[in-house]
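J.: Each position in the sequence shown, counted from 1, maps to that position plus 38 in the working numbering.
We put the beta carbon where it would ideally sit given N, CA and C, even for glycine.
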Amino acid sequence: MAAIVGRDWTHGEYYDSAEQSMDTQWAAVIWPIIESANFEHVVEIAAGHGRNTEKLAQISGKIFATDINQENIEFLKERFKNSKSVEVFRNSGADLRIIEGATASFVYSFDAMVHFDSDIIRSYIKEIRRILMPGGRAFCHYSGFDQNPTGTYRDHPGWRNFMSRELFEHWLSKEGFRILKSAYIQGVSVLTEDRTQSDNVTYFELPLDAEPGGEFLSSEERMHELDESSARYRAEIATLGSEIALLSRQLEGMKTSTSWQATAPIRWLKTRLSGR
Numbered sequence: 039m040a041a042i043v044g045r046d047w048t049h050g051e052y053y054d055s056a057e058q059s060m061d062t063q064w065a066a067v068i069w070p071i072i073e074s075a076n077f078e079h080v081v082e083i084a085a086g087h088g089r090n091t092e093k094l095a096q097i098s099g100k101i102f103a104t105d106i107n108q109e110n111i112e113f114l115k116e117r118f119k120n121s122k123s124v125e126v127f128r129n130s131g132a133d134l135r136i137i138e139g140a141t142a143s144f145v146y147s148f149d150a151m152v153h154f155d156s157d158i159i160r161s162y163i164k165e166i167r168r169i170l171m172p173g174g175r176a177f178c179h180y181s182g183f184d185q186n187p188t189g190t191y192r193d194h195p196g197w198r199n200f201m202s203r204e205l206f207e208h209w210l211s212k213e214g215f216r217i218l219k220s221a222y223i224q225g226v227s228v229l230t231e232d233r234t235q236s237d238n239v240t241y242f243e244l245p246l247d248a249e250p251g252g253e254f255l256s257s258e259e260r261m262h263e264l265d266e267s268s269a270r271y272r273a274e275i276a277t278l279g280s281e282i283a284l285l286s287r288q289l290e291g292m293k294t295s296t297s298w299q300a301t302a303p304i305r306w307l308k309t310r311l312s313g314r
């Protein structure tokens, strides 16, 4: 799903056009929301040709810019070849396995997730939870188009994929994030009432007392861990079964025993149950 959408964003014409409005979008929409973030170690999702990266580089200590398309990776490498703060990585379009757990102070994505399938967004939210350090923050721009759920994103206005703020915030809450601000936007305007054909932006943080994220595990690695856990539980169940069988035999032996000492616990229990 990530590759299908990604193939539509390899051409420079769109990026050249979008670059012209970047200053206005940054000043009117983005910066007023994210200015309180810690920009020491930034991860950008789906950097494209780097117009957002350019803005982030002016305020950040280190930026890891990711993208699914090799054409965009080559463009980014050339654009930031003289930058000491920007590193560029190609990713799968659904995970951030190149980033160590609990190392990012800020995760950013603007004008990319609006096209992502909802399963891809869910995957990224899990990855943001993994890589953010406690106290870290994130900013995501995503689609608010919640109609035609069985259609493809190319059928929707602005190629927005099926998504909603309610679903996004629901997933954030499941991962333990705290929402700082959500807003409806159109172009360079922040909306308070008119939500028709609008996008969403959400600014959120991982609480300081949250458990730090671990390392990335592929689905195969996760299945291996589950298999190992299942084997341990089966072994424990078998051991408990043997112990229960032994205790049952001992109890049966006590019931049939004529020894006054061996049957003492049973006589005590009968006395207690009879209320004497």
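When DSSP labels each residue in this structure, what does Gly86 get in the three-state scheme?
T.: In the sequence shown, counting from the first residue as 1, residue 86 sits at position 48. Looking at Gly86 - three-state DSSP - the assignment turns out to be coil, as it is neither helix nor strand.
J.: Assuming Ser147 contacts Ile83 (C-beta within less than 8 Å), just tell me the rounded distance between them.
T.: To locate residue 147, count along the sequence shown from 1; it is residue 109. To locate residue 83, count along the sequence shown from 1; it is residue 45. The pair is a contact, with the Cβ atoms about 4 Å apart (cut-off 8 Å).
J.: Compare the C-alpha of Arg160 against each of His208, Val80 and Val81 and name the closest.
T.: To locate residue 160, count along the sequence shown from 1; it is residue 122. Of His208, Val80 and Val81, the residue nearest in Cα terms is His208.
J.: In terms of residues, what are the limits of the alpha helix (DSSP H) holding Val43?
T.: Within the sequence shown, numbered from 1, the residue matching residue 43 stands at position 5. Per DSSP, Val43 belongs to the alpha helix (DSSP H) from Ala40 to Gly44.
J.: Hey, how far is the Cα of Ala56 from the Cα of Val145?
T.: The residue given as residue 56 occupies position 18 in the sequence shown. The residue given as residue 145 occupies position 107 in the sequence shown. Spanning the two alpha carbons is a distance of roughly 21 Å.
J.: So the candidates are Thr188, Ala103, Phe183 and Ser211; which of them puts its Cα closest to the Cα of Met201?
T.: Stepping through the sequence shown from its first residue, residue 201 is reached at position 163. Of the listed residues, the one whose Cα sits closest to Met201 is Phe183.
J.: Per the contact definition of three or more C-beta pairs closer than 8 Å, is the segment 123-136 in contact with the segment 174-182?
T.: Because the criterion of three Cβ pairs below 8 Å is not met, the segment 174-182 and the segment 123-136 do not touch.
J.: Taking only three categories from DSSP, how would you classify His208?
T.: Here residue 208 corresponds to residue number 170 of the sequence shown, with the count starting at 1. It is helical.
J.: Taking only runs that begin and end inside the segment 57-83, name each unbroken alpha helix (DSSP H) of 4 or more residues, in chain order.
T.: Segments of the alpha helix (DSSP H) lying fully in the segment 57-83: 60-63 and 69-72.
J.: Output needed for Met268: all residues of its chain with C-beta closer than 6 Å, excluding positions within five of it in sequence on either side, in chain order.
T.: Looking up residue 268 in the sequence shown gives position 230. Checking the displayed sequence, the identity of residue 268 turns out to be Ser instead of Met. So no residue of the chain qualifies.
J.: Taking 8 Å as the threshold (C-beta atoms), are Ile223 and Ser211 in contact?
T.: On the sequence shown, position 173 is the one that residue 211 refers to. On the sequence shown, position 185 is the one that residue 223 refers to. Their beta carbons are not under 8 Å apart, which means Ser211 does not touch Ile223 by this criterion.
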